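Participant:
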Amino acid sequence: MTIQRKDLGARGERAALRHLRDKGFRLRARNWRSAHGEIDIVMQHGEIIVFVEVRSRSSRPEEPPMAMLSATKQHHMLRTAQDYMYRYRMLDRPWRIDCVFVTFDGARPVSFEHVENAV
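Numbering (numbering that gives the first Met the number 0), first residue to last: 0 to 118.
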């Protein structure tokens, strides 16, 4: 991954975090890892634990945003979320996996697309 893409990803995660906080979500963890992968952001919205994958782009692509998530990535996200719920003994709590797609125009985010229950 190039430094530019890594920087875009980090800026996207920060922007998505602000966006979700503005919507009433509370941060639980960032870049949480298990043997199955990494979850960009773990939030809580009411009683629901929300695992968030953030995808950043510098222009509006032709394909729909969900096309940016391969079946393999979705599988790893599901397993990692299950690992988190098991690790923190929250198997009885409701949870879901969301995606936030952030589009930038230069240095600033210009649009957010939040897809609930994306996986």
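Built from N, CA and C at the ideal position, the CB exists for glycine as well.
The structure displayed is predicted, hence computed values, not measured ones.
(1) Give the DSSP bridge partners of glutamine 43, in chain order.
(2) In its own chain, which residues sit with a C-beta less than 6 Å from the C-beta of glycine 8, not counting the 5 before and 5 after it?
(3) So what does aspartate 97 bridge to, in DSSP terms?
(4) Out of Arg10, Ile48, Glu37, Asp6, which has the shortest C-alpha to C-alpha gap to leucine 26?
(5) With a threshold of 8 Å on Cβ separation, who are the neighbours of aspartate 82 within its own chain once the five nearest residues in sequence on each side are excluded?
(6) Quick one: what does DSSP say arginine 92 is sitting in, helix, strand or coil?
(7) Between which two residues does the alpha helix (DSSP H) containing methionine 76 stretch?
(8) Spatial neighbours of arginine 95 within its chain, please: C-beta separation below 7 Å, excluding the five flanking residues on both sides.
Facilitator: Here's the rundown:
(1) As a working mapping, residue 43 is identified with position 44 in the sequence shown. Glutamine 43 pairs with Arg25, Ile48.
(2) Counting from 1 along the sequence shown, the entry for residue 8 is found at position 9. Contacts found: Ser55.
(3) Here residue 97 refers to the residue found at position 98 of the sequence shown. Aspartate 97 is bridged to Val51.
(4) To locate residue 26, count along the sequence shown from 1; it is residue 27. Relative to leucine 26, the option among Arg10, Ile48, Glu37, Asp6 whose CA is nearest is Ile48.
(5) As a position in the sequence shown, residue 82 is number 83, starting the count at 1. Around aspartate 82: Ser33, Ala34, His35.
(6) The count along the sequence shown starts at 1 and reaches residue 92 at position 93. Arginine 92: coil per DSSP, three-state reduction.
(7) Residue mapping note: residue 76 aligns to position 77 of the sequence shown, counting from 1. Unbroken alpha helix (DSSP H) run through methionine 76: 70-86.
(8) As a position in the sequence shown, residue 95 is number 96, starting the count at 1. Answer for arginine 95: Ile47, Val49, Glu115, Asn116, listed in chain order.
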